[in-house]
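To convert, note that position 302 of the sequence shown is 597 in my numbering; the numbers rise steadily by one, no gaps. Glycine included, every Cβ here is placed at the ideal spot set by N, Cα and C.
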Amino acid sequence: MLGKPRPARQRSGVSGLQKQPAAARRREAPQAEGEAVSVERLAHDGRGVARTASGKTLFIEAALPGEKVAVAVHRTRKRFDEAHVRELIEPAAERVSPPCPHYGHCGGCDLQHQAVAAQREHKRAVLAELLAREGIALAEPPGLLQGEALGYRRRARMGVRVDAEGGIHLGFRARHASRLIDIHSCAVLVPELSALIEPLRELLAELEVPRLVGHLELMAADAIRVVVVRQLRDNRADLQRWRDFGQAHGVAVACLLGREEPDLTWLGDTPRLSYRLPTSRRELQLGFAPGDFIQVNEQINRLLVATAQEWLAPVAGQRVLDLFAGIGNFSLPLAADGARVVAVEGSAAMVKRLDANARCNALDIEARQADLNDEAAVLALLKQYIPDLAVLDPPRDGADAVCRALVERPVSRLVYIACDPATLARDAARLVHGGYRIVRVSIADMFVHTSHLESLLLFEHGAEQPSSQGV
Numbered sequence: 296m297l298g299k300p301r302p303a304r305q306r307s308g309v310s311g312l313q314k315q316p317a318a319a320r321r322r323e324a325p326q327a328e329g330e331a332v333s334v335e336r337l338a339h340d341g342r343g344v345a346r347t348a349s350g351k352t353l354f355i356e357a358a359l360p361g362e363k364v365a366v367a368v369h370r371t372r373k374r375f376d377e378a379h380v381r382e383l384i385e386p387a388a389e390r391v392s393p394p395c396p397h398y399g400h401c402g403g404c405d406l407q408h409q410a411v412a413a414q415r416e417h418k419r420a421v422l423a424e425l426l427a428r429e430g431i432a433l434a435e436p437p438g439l440l441q442g443e444a445l446g447y448r449r450r451a452r453m454g455v456r457v458d459a460e461g462g463i464h465l466g467f468r469a470r471h472a473s474r475l476i477d478i479h480s481c482a483v484l485v486p487e488l489s490a491l492i493e494p495l496r497e498l499l500a501e502l503e504v505p506r507l508v509g510h511l512e513l514m515a516a517d518a519i520r521v522v523v524v525r526q527l528r529d530n531r532a533d534l535q536r537w538r539d540f541g542q543a544h545g546v547a548v549a550c551l552l553g554r555e556e557p558d559l560t561w562l563g564d565t566p567r568l569s570y571r572l573p574t575s576r577r578e579l580q581l582g583f584a585p586g587d588f589i590q591v592n593e594q595i596n597r598l599l600v601a602t603a604q605e606w607l608a609p610v611a612g613q614r615v616l617d618l619f620a621g622i623g624n625f626s627l628p629l630a631a632d633g634a635r636v637v638a639v640e641g642s643a644a645m646v647k648r649l650d651a652n653a654r655c656n657a658l659d660i661e662a663r664q665a666d667l668n669d670e671a672a673v674l675a676l677l678k679q680y681i682p683d684l685a686v687l688d689p690p691r692d693g694a695d696a697v698c699r700a701l702v703e704r705p706v707s708r709l710v711y712i713a714c715d716p717a718t719l720a721r722d723a724a725r726l727v728h729g730g731y732r733i734v735r736v737s738i739a740d741m742f743v744h745t746s747h748l749e750s751l752l753l754f755e756h757g758a759e760q761p762s763s764q765g766v
């Protein structure tokens with residue numbers, strides 16, 4: 296993920312060498328010339344997999360299936376080694392020139408050396424393999440929701456650092472490292488945000504105390520750009536500079552001030568942040584605030600919502616239970632279809648935002664707060680509302696308690712949107728063993744050029760279909 300710090304450092308190599316946190320059974324290995332190996336396949340995280348002459352498994356950064364590479368091992372473990380490419384002897388047909396000049400240093404996009412079509416086939420294969428490990432076989436490859444390969448990301452966090460000489464650094468973290476990589480443009484950010492990077496760097500150099508800036512968050516809302524400044528301590532002169540920057544560049548600037556429990560203050564007029572969500576029936580407007588979860592890829596989010604609507608196909612009056620509902624990304628479109636939606640969230644702030652969004656769009660949605668990691672709480676919801684349909688969009692930890700409850704009190708159809716394929720496979724197995732069948736499967740390429748995998752599954756309880764299908 297762009298700007299997400301990870302503990303470690305990085306050495307040089309074709310993609311840059313990543314060092315992971317130390318483990319008891321891990322030991323350092325010298326960067327000596329290694330043997331030439333043939334890459335057999337990609338691991339789930341996008342690294343090439345090969346075997347040494349002795350049969351030991353190698354995970355190789357930036358290597359692709361079918362390639363012959365000379366490697367240098369930079370980390371040894373008991374059962375496998377980690378390596379990087381020393382020399383590319385025979386490149387794969389799917390190898391391409393990375394579109395970003397920061398590739399190999401920035402940790403945001405780890406698959407830019409692979410053709411986009413091949414990236415997507417890899418993600419399809421990963422999902423099918425993880426489901427197969429749980430005993431779920433797909434009759435067809437997963438379907439694909441795809442959009443633009445570049446300029447798609449509408450939100451990112453950029454790190455700020457002042458070095459010992461007073462130099463200003465603005466950028467993203469190296470992969471698996473805390474080291475900050477200076478970024479001058481970003482190929483996957485929407486252009487209007489990428490264009491802010493250099494002006495922001497110039498402003499940071501003009502601040503009285505730039506060390507008080509922890510990070511910057513950039514967001515693109517409808518017709519407005521937003522910069523949220525993580526300001527560790529108040530400095531009135533610098534806050535005025537940020538106000539002036541916002542006015543000069545047509546940017547809404549907010550300050551998240553304080554170390555322990557920071558307060559958000561807009562440096563100027565408070566904007567209404569929102570994004571448009573066109574649906575088959577009408578266009579919706581969803582308001583959000585800095586810190587709220589929204590999908591970073593607007594194009595793919597619209598496809599996700601449209602697919603969920605199509606798969607669930609609620610008829611007027613059917614009751615839909617939307618769990619992990621957030622600000623109403625799925626609740627509002629389903630209510631616009633005529634469904635009676637009960638939207639449930641764990642965050643009280645999100646429940647308020649969802650309720651406000653429903654009212655602003657003249658939709659009747661019951662917004663509830665509940666702990667969705669508590670099986671008893673989920674069962675109480677199912678018993679109270681007796682839903683016909685359900686939609687789940689959980690965080691990376693998945694929806695174990697929800698799936699347990701849905702086995703005990705099933706619904707006729709449910710759509711599961713997942714941002715982690717491993718927890719999805721676990722939850723899917725629970726649902727399948729509890730009487731559901733997977734009837735539609737698709738991946739959504741939300742984060743192009745990364746190994747991150749978003750997916751969408753339709754389950755039916757007591758369905759007639761003997762096998763699952765992609766879309």
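**Request:** From the DSSP output, read off the bridge partner residues of residue 594.
**Result:** According to DSSP, which records beta bridges pairwise, residue 594 is partnered with nothing at all.
**Request:** Output the boundary residues of the alpha helix (DSSP H) element that contains residue 745.
**Result:** From DSSP, residue 745 is part of no alpha helix (DSSP H); its letter is neither H nor E.
**Request:** Would you kindly report the start and end of the unbroken beta strand (DSSP E) that includes residue 550?
**Result:** 546 to 552
**Request:** Counting only the same chain and skipping the five closest in sequence on each side, list residues whose C-beta sits under 8 Å from that of residue 558.
**Result:** 551 and 552
**Item:** Three-state secondary structure (DSSP) of residue 574
**Value:** Annotated three-state conformation of residue 574 is coil, per DSSP.
**Message:** What does the alpha-carbon distance come out to for the pair residue 639 and residue 369?
**Reply:** 47 Å
**Residue burial classification, residue 493 (beta-carbon count within 10 angstroms, cutoff 16)** = exposed
**Prompt:** Do the CB positions of residue 387 and residue 359 come within less than 8 Å of each other?
**Reply:** Yes; because the gap between Cβ atoms is below 8 Å, this pair is in contact.
**Item:** Inter-residue Cα distance where the pair is residue 425 and residue 752
**Value:** Whole-angstrom Cα-Cα distance: 14 Å.
**Request:** Put residue 655 into one of helix, strand or coil per three-state DSSP.
**Result:** helix
**N- and C-terminal bounds of the alpha helix (DSSP H) containing residue 697** = 695 to 703
**Asked** Measuring CB to CB, does residue 383 end up less than 8 Å from residue 356?
**Response** no
**Prompt:** Which whole runs of the beta strand (DSSP E) in the stretch 493 to 523 are 3 residues long or more, in chain order?
**Reply:** 508 to 516
**For residue 555, the nearest candidate out of 336, 400, 525 and 563 (CA to CA)** = It is 525.
**Item:** DSSP-derived helix/strand/coil call for residue 724
**Value:** DSSP, reduced to helix, strand and coil, places residue 724 within a helical segment of the structure shown.
**Request:** Note down, in chain order, each residue of its chain lying with its Cβ closer than 8 Å to the Cβ of residue 600, except the 5 sequence neighbours on either side.
**Result:** Taken in chain order, the residues that qualify are 572, 574, 624, 625 and 628.
**Request:** List the DSSP bridge partners of residue 752.
**Result:** DSSP output for residue 752 lists 711 and 736 as bridge partner(s).
**Item:** At least three beta-carbon pairs within less than 8 Å, the stretch 722 to 739 to the stretch 393 to 411
**Value:** Counting Cβ pairs under 8 Å, fewer than three are found: no touch.
**Prompt:** When burial is assigned at 16 or more other CB atoms within 10 Å of the CB, is residue 418 buried or exposed?
**Reply:** So residue 418 counts as buried.
**Request:** Measuring alpha carbon to alpha carbon, tell me which of 568, 580, 537 and 581 ends up nearest residue 562.
**Result:** 537
**Asked** Are the Cβ atoms of residue 438 and residue 486 separated by less than 8 Å?
**Response** no
**Message:** Can you tell me whether residue 689 is buried or exposed? The criterion is at least 16 other CB atoms within 10 Å of its CB, across all chains shown.
**Reply:** buried
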